[in-house]
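Visitor: Attaching a single structure in structure tokens format; questions to follow.
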Amino acid sequence: MARRPTKIAVPTPTELLIAKTLRRIVPAAAVSYEQVIIDLADVRRHSYRGIAHELREVLRETLNYLAPDAEVMAVHGFKLEKDQDKPTQRQKALHVLRKRKLSKEEMSAPELTINLAEELSATITRNAYTRGAKDAHTLSSAPEVRQLKMWIDAVLGELLEIHRPRPPEIERVARRAAAPAEDRIEYAVQLKLESDKSP
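Laid out in structure tokens, this is it:
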């Protein structure tokens with residue numbers, strides 16, 4: 154039987170900026186993020202649980218880099234949330250935003266998005282174990298994972314400040330990301346080739 158070709162994923166400008174920024178500061182998270190882009194374009198995919206896990210790892214590794222546990226816990230007045238032995242992702246993200254001296258209003262949207270992403274991520278994981286039929290899992294997980302990615306993209310965009318004034322090297326990445334889609338296909342093909350090489 155002929156193998157159906159995998160669709161090549163062409164990153165959006167936001168995805169390209171996130172991937173390039175992560176490559177510079179948290180390479181392991183960049184690899185996971187690029188894998189998510191590739192996997193979401195794969196028309197042969199039957200399970201989305203792995204993609205949800207990759208997205209959670211991207212956010213976790215990015216927050217661990219930007220807000221190490223010891224740094225967050227050292228802030229005067231910090232308190233662990235109930236039944237936690239280390240800062241939550243929400244607390245870490247708020248720590249990053251507070252360091253930028255943002256107002257409560259400016260921090261409210263990212264905080265809400267992180268809460269939604271955490272809730273949806275937990276739902277996807279729970280449902281992956283409770284759904285029996287593969288078809289039911291596939292049909293309901295695809296939109297959930299795409300929604301999760303949209304929220305995590307929003308959080309990463311804010312945490313990494315990809316839309317704010319940037320140093321010259323990040324500005325070059327931004328200009329490339331704003332290029333027409335056909336110019337981004339080169340990057341997409343590179344991602345695909347790197348994915349094909351991995352075991």
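Position one of the sequence shown corresponds to residue 154 (the working numbering), numbered consecutively onward. For each residue, glycine too, the CB sits at the ideal point set by N, CA and C.
(1) Less than 8 angstroms between the C-beta atoms of Q244 and E259, yes or no?
(2) For D306, I'd like the list of residues in its chain whose CB is within less than 8 angstroms of its CB, leaving aside the five on either flank, ordered along the chain.
(3) So what's Q237 in DSSP terms, helix, strand or just coil?
(4) Please specify which runs of the alpha helix (DSSP H), each continuous and at least 4 residues long, are wholly inside the segment 210 to 265, giving them in chain order.
(5) In whole angstroms, give me the CA-to-CA distance for V249 and I178.
(6) Please report the residue range of the alpha helix (DSSP H) in which L312 lies.
(7) Taking the C-alpha atoms as reference points, what is the distance between A227 and V196?
(8) With V298 and I204 assumed to form a contact (beta carbons below 8 angstroms), what rounded beta-carbon distance in angstroms separates them?
Guide: According to the data block:
(1) no
(2) T167, E168 and I171
(3) coil
(4) 222 to 226 and 242 to 252
(5) 15 angstroms
(6) K287 to L312
(7) 47 angstroms
(8) 5 angstroms
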